[in-house]
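Participant: With our numbering applied, the sequence shown corresponds to residues 5 to 88, in that order.
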Amino acid sequence: MPARLVALDEGPDILLDRPMIVVGRHPQCDARLDSLRVSRHHCCMIQDKDEVVVRDLGSTNGIRINGQRVEMGRLRSGDELSIA
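1. Within the continuous beta strand (DSSP E) that includes VAL26, where are the two ends?
2. Which residue or residues does DSSP assign as beta-bridge partners of GLU75?
3. Can you round the beta-carbon distance between LEU79 and VAL56 to whole angstroms, since I take them to be within the 8 Å contact cut?
4. Distance, Cα to Cα, VAL82 vs ASP38?
5. Less than 8 Å separating the beta-carbons of ASP34 and VAL26?
Written out as structure tokens, the structure is:
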């Protein structure tokens with residue numbers, strides 16, 4: 005069963021059903037978030053065995069894992085990812 009990111013605030017849940025998912029505002033992104041705080045190509049998520057690697061794609065507002073701003077990091081069950 006694919007992993008799923010559950011939205012805590014606004015926005016849709018993101019099903020990680022492909023090897024790589026691009027998240028952003030651009031219509032061609034795999035997961036679209038309609039917020040001006042989200043860059044057109046904000047981040048990507050890559051399935052790596054039992055974990056998910058998230059990488060910032062040069063976004064303006066960055067990504068945070070459990071409150072810490074990172075360029076890249078591994079998500080584990082229960083982690084909180086902030087986009088924007």
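Idealized CB from N, CA, C, for every residue including glycine.
Facilitator: Let me lay it out:
1. Position 22 of the sequence shown holds residue 26. Counting along the chain, the unbroken beta strand (DSSP E) around VAL26 starts and ends at 24–28.
2. Taking the first residue of the sequence shown as 1, we reach residue 75 at position 71. DSSP output for GLU75 lists no bridge partner at all.
3. Indexing the sequence shown from 1 puts residue 79 at position 75. Indexing the sequence shown from 1 puts residue 56 at position 52. Going by Cβ atoms, the distance from LEU79 to VAL56 rounds to 4 Å, so yes, they are a contact pair.
4. One-based indexing of the sequence shown puts residue 82 at position 78. One-based indexing of the sequence shown puts residue 38 at position 34. It is worth fixing the name first, because residue 82 is Gly in this sequence and not Val. Cα to Cα, GLY82 sits roughly 24 Å from ASP38.
5. By one-based count along the sequence shown, residue 34 stands at place 30. By one-based count along the sequence shown, residue 26 stands at place 22. Contact: yes.
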